[in-house]
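In what follows, a structure is listed as structure tokens, so that the remarks can point back to it.
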Amino acid sequence: MNENGIVEDLQKQINELEEKVDKLNEVVRLLSKSKMPDPRYQYTHWLLYKGIDNELKRKLGYVFNILEKRFRGELVEIPKKSHFVDDDLKQVLHVNQKPTFEEVCLILKSLLGQMCPSDIDTSILLMSLLREGLHTELSTYLLVDASKNSNYSFHNFSQFI
0 MNENGIVEDL QKQINELEEK VDKLNEVVRL LSKSKMPDPR YQYTHWLLYK
50 GIDNELKRKL GYVFNILEKR FRGELVEIPK KSHFVDDDLK QVLHVNQKPT
100 FEEVCLILKS LLGQMCPSDI DTSILLMSLL REGLHTELST YLLVDASKNS
150 NYSFHNFSQF I
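Start counting the sequence shown at 0; every next residue gets the next number (numbering that gives the first Met the number 0).
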């Protein structure tokens, strides 16, 4: 077989694999939307439902760890050589005061973009963390902070609650 034939065969195999991966991703999205979430793993279901990849999941974990430190009153310093999150987000995130619900909404919108477009999405994320037993004190505090806002109500939470 000549070199062009080998390249064409490899390209065909790559295209077939890309199609299979796309089909698999679509099946996973459909399954995550159609099944009832296990109450023990609501954060995991939220990640699947929103299509959050491993890199973005790690960034979310980093953000919530910093927010947790701030909530507990621990000193938070901006890392000098971290490319984990962009500089603008570092400036907003690394403040030595308790986080507010509004601030967390802005941070999540900056990090997640259209995956977290509203305060309801932030609330669903916080409820899923709370129900999965992750960052429970922080999540409770932020949800209580949200309820103090007169423009906010706990309606329309969808299947995550």
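Glycine included, C-beta positions come from ideal geometry on N, C-alpha and C.
(message) Below 8 Å on the Cβ atoms is my contact criterion, and I expect residue 84 with residue 58 to pass it. Report the Cβ-Cβ distance as a whole number of Å.
(response) Counting from one through the sequence shown, the residue named residue 84 turns up at place 85. Counting from one through the sequence shown, the residue named residue 58 turns up at place 59. That belief holds up - the Cβ atoms of residue 84 and residue 58 are roughly 6 Å apart, short of 8 Å.
(request) For residue 31, collect the residues of the same chain with a Cβ closer than 6 Å to its Cβ; drop the 5 residues on either side in sequence, then sort them by chain order. (result) Working through the sequence shown from its first residue, we reach residue 31 at position 32. Taking residue 31 as the centre and dropping the five residues before and after it, the same chain places the C-beta of 47, 48 closer than 6 Å to its C-beta, in chain order.
(message) So for residue 115, helix, strand or coil by DSSP?
(response) For the purposes of this step, residue 115 is identified with residue 116 of the sequence shown, where counting begins at 1. Correct three-state label for residue 115: coil.
(request) Quick one: give me the first and last residue of the alpha helix (DSSP H) that residue 40 is part of. (result) For the purposes of this step, residue 40 is taken as the residue at position 41 of the sequence shown. Neither: residue 40 is in no alpha helix (DSSP H) and is coded neither H nor E.
(request) Please work out which residues of its chain come closer than 8 Å, Cβ to Cβ, to residue 105, disregarding the five sequence neighbours upstream and downstream, and give them in chain order. (result) In the sequence shown, the residue the question calls residue 105 occupies position 106. Result list for residue 105: 91, in chain order.
(request) Compute the distance between the beta-carbons of residue 97 and residue 60, then report whether it is under 9 Å. (result) As a first step, residue 97 is located in the sequence shown; it is residue number 98 there, counting from the start. As a first step, residue 60 is located in the sequence shown; it is residue number 61 there, counting from the start. For residue 97 and residue 60, no; Cβs fall outside 9 Å.
(message) For residue 27, tell me which candidate among 38, 12, 44, 39 has the shortest Cα-Cα distance.
(response) For the purposes of this step, residue 27 is taken as the residue at position 28 of the sequence shown. Distances from the CA of residue 27 to each of 38, 12, 44, 39 were compared; the closest alpha carbon is that of 44.
(message) To test your reading of the DSSP string, which unbroken alpha helix (DSSP H) runs of 4 or more residues are found completely within the stretch 14-76?
(response) For the stretch 14-76, whole alpha helix (DSSP H) runs of length 4 or above, ordered along the chain, are 41-49, 53-70.
(message) Considering Cα atoms alone, identify which of 135, 114, 70 is closest to residue 99.
(response) Taking the sequence shown and counting its residues from 1, the one referred to as residue 99 is at position 100. Checking every option, the nearest Cα to that of residue 99 belongs to 70.
(request) Indicate the three-state DSSP secondary structure (helix, strand or coil) for residue 3 in the structure shown. (result) As a first step, residue 3 is located in the sequence shown; it is residue number 4 there, counting from the start. Three-state DSSP puts residue 3 in a helix.
(message) Between the alpha carbons of residue 9 and residue 35, how many angstroms are there, rounded?
(response) Within the sequence shown, residue 9 is the residue found at index 10, counting from 1. Within the sequence shown, residue 35 is the residue found at index 36, counting from 1. In this structure, the CA atom of residue 9 is about 40 Å from the CA atom of residue 35.
(request) Pull up the distance between the alpha-carbon of residue 14 and that of residue 64, whole angstroms please. (result) Within the sequence shown, residue 14 is the residue found at index 15, counting from 1. Within the sequence shown, residue 64 is the residue found at index 65, counting from 1. Residue 14 and residue 64: Cα-Cα distance of roughly 40 Å.
(request) Using a threshold of 9 Å, state whether the C-beta atoms of residue 127 and residue 41 are closer than that. (result) Counting from 1 along the sequence shown, the entry for residue 127 is found at position 128. Counting from 1 along the sequence shown, the entry for residue 41 is found at position 42. A contact, by the Cβ cut-off of 9 Å.
(request) With DSSP as the reference, label residue 102 as helix, strand or coil. (result) As a working note, residue 102 is residue 103 in the sequence shown. If DSSP states are grouped into helix, strand and coil, residue 102 belongs with the helices.
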